[in-house]
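No gaps in the numbering here: position 147 of the sequence shown is 147 in UniProt numbering, and each next residue is one more. Idealized CB from N, CA, C, for every residue including glycine.
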Amino acid sequence: MDQQLQVFVTVAELKNFSRAAEKLHMTQPAVSQYIRSLEQTMGSKLLERSNKFVRLNQAGEMVYYHAKEILGLYAKMHDLIDDLTNKASGPISIGASYTFGEYVLPHVIKNMHQHYPLIEPTITIGNTSKIANLVLSHQIDVGIVEGAFHDKHLVIEPFAEDSMCIVAAPNHRLARKEGNVSVSELEKETWIVREQGSGTREVTEKMFQSIGIDPEKRLEFGSTQIIKESIAAGLGISLLSYWAVRDESARGSLSVVELNQLPVKREFSIVLRSPFQTKALNVFLSLLRAFGSESPRELE
Numbered sequence: 001m002d003q004q005l006q007v008f009v010t011v012a013e014l015k016n017f018s019r020a021a022e023k024l025h026m027t028q029p030a031v032s033q034y035i036r037s038l039e040q041t042m043g044s045k046l047l048e049r050s051n052k053f054v055r056l057n058q059a060g061e062m063v064y065y066h067a068k069e070i071l072g073l074y075a076k077m078h079d080l081i082d083d084l085t086n087k088a089s090g091p092i093s094i095g096a097s098y099t100f101g102e103y104v105l106p107h108v109i110k111n112m113h114q115h116y117p118l119i120e121p122t123i124t125i126g127n128t129s130k131i132a133n134l135v136l137s138h139q140i141d142v143g144i145v146e147g148a149f150h151d152k153h154l155v156i157e158p159f160a161e162d163s164m165c166i167v168a169a170p171n172h173r174l175a176r177k178e179g180n181v182s183v184s185e186l187e188k189e190t191w192i193v194r195e196q197g198s199g200t201r202e203v204t205e206k207m208f209q210s211i212g213i214d215p216e217k218r219l220e221f222g223s224t225q226i227i228k229e230s231i232a233a234g235l236g237i238s239l240l241s242y243w244a245v246r247d248e249s250a251r252g253s254l255s256v257v258e259l260n261q262l263p264v265k266r267e268f269s270i271v272l273r274s275p276f277q278t279k280a281l282n283v284f285l286s287l288l289r290a291f292g293s294e295s296p297r298e299l300e
C-alpha cells in the first residue's frame, strides 16, 4: 500500500504520468497500474485524466491529504528504527515561522552541519498557523513558532525570548525625535503589519491594545522582508523582531523608535506532535535549546 500511495502522491504533485514515472524510476505503464490498483482499493476514481491534464477529483483530494500524512508517519517510523543502531544522521523536516526561519534558523543549521554533517535538514517557512498545521498533519517533524501559541494536540515548548521594537526609516520624524515618542503620535502613523495567522501580527495587535491605540492607516504585507523595504522607502512604521532588524539597525538603514512601553517581549516555541524522536531530531532540538539559553535579549 505504501508504494501505491507514493506513486499516487507523485502523480498528483507532478500532474503528469510520464514525469512521475521518470522521478520514480519506473515505466509509465507501471505507474498507471499502481494508480488503477489504488483506485480499485478505494472503490473510486481519484484522478481526472485527459490528453492535456491530470488532476485530483474530490475523492483524490481526500486520499492525497491522508496519503501525505501516512507517508510521513511511515518515513518517521523507518527513521526511528534505523536510529536504534546508527549515529545521528538522515533527514529531518523543519518548519519555522518567518522571523525565526529567515533570520535565526540558518545559524542553527550551520552549527548542526558543522558537527553533524550526516543530518539532512529540509526547511519550510510559513506563518505560525501554517507551521502548526504541518506539524499536526505529520508533514514536518518539528516547528518553530512565534508568540503565545496553544493547541491541545501539540507539545509546545518555549525555548527563547524575542524582543520586538518599533522601526522607522532613519529620516522619519519619529526616528529623528529626541527622547520617547507619545502614544498619540503612534496612532497617527501608517502601520505596516503582517497577515492574520502570523506571530508578529498577533504581538502587534496585543501592543496596540496594551498602549490603547487603534491606528486607522494600516498596510498588510505577507513578508517581513517586504515590510523592512517598505519602511526604508518611507511607507510607514512597524513592530518587528530584534532578529529581523539588528543588521539594518547596526548599519543605520533602519532606526528604532524610542517608546517607554518597549521593547515588547514574545517567545519562540518548539512545536512537536510525536513523543518519539529520531537521533537527528534530538540533536536539532538540543541545538535550539542551547541557542535559547545563550541568545541576547535586548537590542544592542
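Secondary structure of residue i, DSSP reduced to three states
i	result
Thr190	coil
Val155	strand
Glu300	Low confidence applies to Glu300: its pLDDT is 39, below 50, so where it sits in the model is not reliable enough to give any reading.
Pro275	coil
Lys265	strand
Met26	coil
Val104	coil
Ser293	helix
Glu178	coil
Ala168	strand
Ser50	coil
Ala20	helix
Ser44	coil
Glu61	helix
Asp162	strand
Where the alpha helix (DSSP H) containing residue i begins and where it ends
i	result
Arg218	Premise fails: Arg218 lies in the beta strand (DSSP E), 218-220, not in any alpha helix (DSSP H).
Ala96	Premise fails: Ala96 lies in the beta strand (DSSP E), 90-96, not in any alpha helix (DSSP H).
Ile231	224-232
Ile211	199-211
Glu13	2-14
Lys130	128-136
Nearest-angstrom Cβ-Cβ length linking residue i and residue j, presumed shorter than 8 angstroms
i	j	result
Thr124	Leu134	7 angstroms
Glu248	Leu239	Not a contact, Cβ separation roughly 15 angstroms.
Phe268	Ala169	About 27 angstroms; that fails the 8 angstroms criterion.
Gly95	Ile131	4 angstroms
Ile35	Val9	Incorrect: roughly 11 angstroms between the Cβ atoms, too far for contact.
Val31	Phe17	5 angstroms
Ser97	Val63	Going by Cβ atoms, the distance from Ser97 to Val63 rounds to 30 angstroms, so no, they are not a contact pair.
Leu287	Val108	5 angstroms
Lys15	Arg55	6 angstroms
Asp2	Lys76	Wrong, their Cβ atoms sit about 13 angstroms apart, outside the cutoff.
Leu174	Val183	The pair is not a contact, with the Cβ atoms about 12 angstroms apart (cut-off 8 angstroms).
Lys217	Trp191	7 angstroms
Gly90	Glu120	6 angstroms
His138	Arg273	6 angstroms
Where residue i falls, given that 16 or more other Cβ within 10 Å makes a residue buried
i	result
Leu57	Residue 57 is actually Asn in this sequence, not Leu. So Asn57 counts as exposed.
Leu105	buried
Leu118	exposed
Arg201	buried
His172	buried
Glu300	Interpretation of Glu300 is limited by its pLDDT of 39, a score under 50 that renders its predicted location unreliable; the figure taken from the coordinates is listed afterwards. The residue in question, Glu300, is exposed, as its Cβ has fewer than 16 Cβ neighbours within 10 Å.
Ala67	buried
His150	exposed
Ser230	buried
Thr41	exposed
Phe100	buried
Glu298	Its pLDDT being 42, under 50, Glu298 is placed unreliably by the model, and the measurement read from it follows with that caveat. Glu298 comes out exposed.
Ser293	exposed
Tyr65	exposed
Ser210	exposed
Gly147	buried
Arg176	exposed
His25	exposed
His78	exposed
Gly252	exposed
His113	exposed
Start-to-end residues for the beta strand (DSSP E) that takes in residue i
i	result
Gly252	Run containing Gly252: none; DSSP gives neither H nor E here.
Ile144	142-146
Ser241	238-241
Val54	54-56
Pro121	119-125
Residue i and residue j closer than 8 angstroms at C-beta
i	j	result
Leu154	Thr278	no
Pro215	Glu189	yes
Arg266	Asp162	yes
residue 301	Ile70	No statement about residue 301 is possible, as the shown extent of the chain runs from 1 to 300 and does not include it.
Ala250	Thr224	no
Leu219	Gly236	yes
Ile213	Phe221	no
Val283	Tyr116	yes
Gly199	Thr122	no
Val257	Ile166	yes
Ser44	Ala20	no
Met164	Val193	no
Gln4	Leu38	yes
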